[in-house]
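Worksheet: the structure to be examined is printed underneath.
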Amino acid sequence: MPTSLDGILILSVFPILLVAAGIGDFLTMRIPNWLNGALIVAFVVMVFVAGMPFEIVKWHLAAAGVVLLGGMILFFTIQFGGGDAKMLAASALWIGWTSLIPFLIYTALAGGALAALVIIWRRLGHESDMRGMVWLRGLFNKQIKVPYGVAIAIGGIIAFSETWWVKSIV
């Protein structure tokens with residue numbers, strides 16, 4: 074059983090990494106591999122800190138594998154960026170099988186809302202308001218690009234409250 078300090082660490086690491094990835098994707102339209110790797114390494118460390126049973130670890134690995142396969146399909150059909158696919162799978166590793174469907178639904182809803190905001194922003198023609206904000210120019214490309222890492226972060230943070238991590242520590 075983790076101590077209260079361990080519990081705070083376990084409950085903080087995943088959301089902090091998601092927020093970092095979401096902000097980074099919003100500002101640069103990229104999710105770096107090192108951040109997706111940090112999500113995976115942190116999961117492995119927290120499995121030991123929390124004492125997660127191997128039976129549950131297997132289901133978390135299964136969730137990540139299924140989502141990685143789906144993400145690869147979306148990437149190869151040019152529906153999704155590579156960093157997004159990796160972040161989605163690394164997040165599914167933390168979320169696990171039992172909370173996977175809610176996570177994907179929350180992420181899809183957040184992604185739809187984000188895409189709608191990007192479209193509205195573009196239609197309002199705020200391009201001239203950007204002046205020195207280079208990172209906003211990506212929202213005004215001919216092709217609508219959505220920083221989907223933001224949606225994954227939102228979906229992951231909402232779904233995290235129903236995972237084994239929270240239920241076993243709180």
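Take any residue in the sequence shown, note its place counting from 1, add 73, and you have its number in our numbering. Where is the CB? At the ideal position from N, CA and C, for every residue including glycine. Treat the numbers as computed from the prediction; the structure is a model and nothing was measured.
Between the C-alpha atoms of residue i and residue j, what's the straight-line distance to the nearest angstrom?
i      : j      : result
Leu177 : Gly228 : 7 Å
Ile104 : Asp157 : 7 Å
Gln152 : Ala224 : 15 Å
Arg196 : Met102 : 20 Å
Phe121 : Ala135 : 18 Å
Trp238 : Leu84  : 7 Å
Asn106 : Val114 : 12 Å
Thr236 : Ser172 : 6 Å
Ala189 : Leu147 : 20 Å
Could you tell me if residue i is buried or exposed, where buried requires 16 or more neighbouring beta carbons within 10 angstroms of its beta carbon?
i      : result
Gly222 : buried
Phe149 : exposed
Leu161 : buried
Val117 : exposed
Leu90  : buried
Ser77  : exposed
Gly185 : exposed
Ala181 : exposed
Val243 : exposed
Ala163 : buried
From the options, pick the residue whose C-alpha is nearest to that of residue i; which is it?
i      : options                           : result
Ala226 : Ile96, Leu84 and Ser77            : Ile96
Trp194 : Val243, Val219, Thr171 and Gly138 : Val219
Asp79  : Ala123, Asn106 and Ala93          : Ala123
Ala111 : Phe121, Ala93, Met125 and Phe99   : Ala93
Glu128 : Asn109, Ala165, Leu147 and Trp170 : Trp170
Ala183 : Gly143, Ile231 and Ile168         : Ile231
Ala165 : Trp132, Ser77 and Gly154          : Trp132
Trp167 : Gly144, Asp98, Gly138 and Val243  : Gly138
Val191 : Phe233, Phe87 and Phe99           : Phe99
Tyr179 : Ser234, Phe87 and Pro126          : Ser234
Gly155 : Leu108, Phe87 and Pro88           : Leu108
Ile174 : Pro88, Met125, Val140 and Met119  : Val140
Ser241 : Pro126, Leu142, Phe87 and Val86   : Pro126
For the alpha helix (DSSP H) containing residue i, name the first residue and the last one.
i      : result
Met102 : Taken as a continuous stretch (DSSP letters only), Met102 belongs to no alpha helix (DSSP H), as it is neither H nor E.
Thr150 : Taken as a continuous stretch (DSSP letters only), Thr150 belongs to no alpha helix (DSSP H), as it is neither H nor E.
Gly124 : Per DSSP, Gly124 belongs to no alpha helix (DSSP H) and is neither H nor E.
Lys240 : Trp237 to Ile242
Ser164 : Gly155 to Ile168
Pro175 : Leu173 to Leu197
Val219 : Here Val219 belongs to no alpha helix (DSSP H), and DSSP marks it neither H nor E.
Does the ligand ZN have a heavy atom nearer than 7 Å to the CB of residue i?
i      : result
Ala183 : Only the bare structure without any ligand can be found here, which leaves the ligand ZN out of the picture.
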